[in-house]
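First comes the structure, then the notes that go with it.
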Amino acid sequence: MRFLSNIASKAACRALGTGYELAMRRFPSVVRIETTNACNARCIICPHGQIKRPIGRMDDDLFWHIVDQCAEAGCKEVHLHNFGEPLLDRRLEERIRYAKDQGVPKVKIFTNGSLLEEGRARRLIEAGLDEVKISFDGATKEEFERIRTPLQFDEVVRNVKHLVAARDEMQSEMRIKVACCSTTDKHGTMEFLEKIVDGFSFGRIHNWAGDGSANGQGETGKPRIRKPCSRLWRTFTVLANGDVALCCLDYDGQHLLGHVDAGTSIADVWRSAAYEQVRLRHKEARQAETSLCRHCTKSFF
């Protein structure tokens, strides 16, 4: 069975290969910038508490250097988040404004929403933020507060409502989305939020590519067919110190593909031998040779 699954995986990768090659450009279409890796939550499903790398904020010169390259290369999106809570960056609004002033088409943040009080919401809108996505781990107050210690469910829901109201009052085109992961089904509050925001996604809670319990297996235990991870052809992740991580799941920077500083460019790392090696493994259905990819449940048919 495993042999047949491997054959199917390789066939799928070959079929998709041309499409991924066409998608490959000299510069990533999405650059994810970790302006800070600090977080104010201690979620039980998140390994943030296990981080060994220093907690801090990205240096301004490095941030400007990255954004300047994105603007010059015509990068479609800059995401000011990775493995931390972006609203802990007190200069976040300045950074959003800088990226927009340089001509970046879309600037986005992904937040837990706990610090998104009305005044902050207005400042983000004024800075020119194009999209904010608020994450909920838990569809009910009980589930949310059990997982997202010490955040308060009602407070985050209230912040989302304030954000929507401020956006509408200020006649901004900023898009507001909610992503909810839960072990249960949608409930009343989530159904209400789904009606007032621009986008709503609902899925099951997954591991951070760590325990491998679902590696290659569906809920019934049947093998699943892996496909190349599209992130390798589209998304570039820069950690707070300038290291380039394999993807957002590389929370402690254990799978580095390069480093961006005043003397190196994003394009150089993007087309480097290290990056190409990981891409080749995915195209040849050899994802398991990269330990982070081996246990990831995000790239299956």
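The numbering of the sequence shown is my numbering, which starts it at 96 and goes up by one. Each residue gets a CB set at the ideal place from its N, CA and C atoms; glycine is no exception.
Beta-carbon proximity of residue i to residue j, cut-off 8 Å
i      : j      : result
Ala383 : Arg374 : no
Glu188 : Arg152 : no
Val339 : Gly353 : yes
Arg292 : Ile161 : Position check: residue 292 holds Val in this sequence, whereas Arg was assumed. No; because the gap between Cβ atoms is not below 8 Å, this pair is not in contact.
Phe248 : Lys236 : yes
Lys228 : Lys272 : yes
Val252 : Thr278 : no
Glu240 : Lys201 : no
Asn254 : Ser230 : no
Leu211 : Leu258 : yes
Ala234 : Arg192 : no
Delimiting residues of the beta strand (DSSP E) encompassing residue i
i      : result
His174 : 172 to 174
Leu352 : 351 to 354
Gly298 : 294 to 299
Cys275 : 270 to 277
Thr330 : 330 to 333
Thr385 : Premise fails: Thr385 is in no beta strand (DSSP E) and is neither H nor E.
Length of the line joining the Cα atoms of residue i and residue j
i      : j      : result
Arg185 : Glu371 : 36 Å
His350 : Arg326 : 14 Å
Arg215 : Gln197 : 23 Å
Glu213 : Arg381 : 48 Å
Asp306 : Gly298 : Caution applies to Asp306, whose pLDDT of 41 falls short of 50 and renders its modelled position unreliable; the value that the coordinates give is listed next. Cα-Cα distance, rounded: 19 Å.
Ala110 : Val126 : For Ala110, the predicted model reports a pLDDT of 46, less than 50, meaning its position is unreliable and no value from the coordinates is stated.
Asp345 : Leu387 : 7 Å
Leu117 : Lys203 : Note on Leu117: pLDDT 47, under 50, position unreliable in the model; the coordinate value appears next. Approximately 25 Å between the Cα atoms of the pair.
Pro181 : Lys378 : 33 Å
Thr330 : Gln266 : 31 Å
Cys141 : Leu175 : 19 Å
Leu288 : Cys275 : 10 Å
Glu226 : Phe205 : 9 Å
Integer-rounded CB distance, given that residue j should sit under 8 Å from residue i
i      : j      : result
Arg190 : Thr130 : 6 Å
Phe122 : Ala166 : Wrong, their Cβ atoms sit about 11 Å apart, outside the cutoff.
N- and C-terminal bounds of the alpha helix (DSSP H) containing residue i
i      : result
Lys236 : 236 to 242
Ala340 : Careful: Ala340 lies outside any alpha helix (DSSP H), inside the beta strand (DSSP E) at 338 to 340.
Glu180 : That residue, Glu180, is in no alpha helix (DSSP H); it is neither H nor E in DSSP.
Closer than 7 Å: residue i CB and nearest the ligand ZN heavy atom
i      : result
Gly358 : Ligands in the displayed structure: none, and consequently the ligand ZN is not present.
Segments of 4+ residues assigned as alpha helix (DSSP H) that fall wholly inside the region 121 to 177: 155 to 168
What are the start and end residues of each continuous alpha helix (DSSP H) run of 4 or more residues lying completely inside the region 242 to 267, in chain order? 248 to 264
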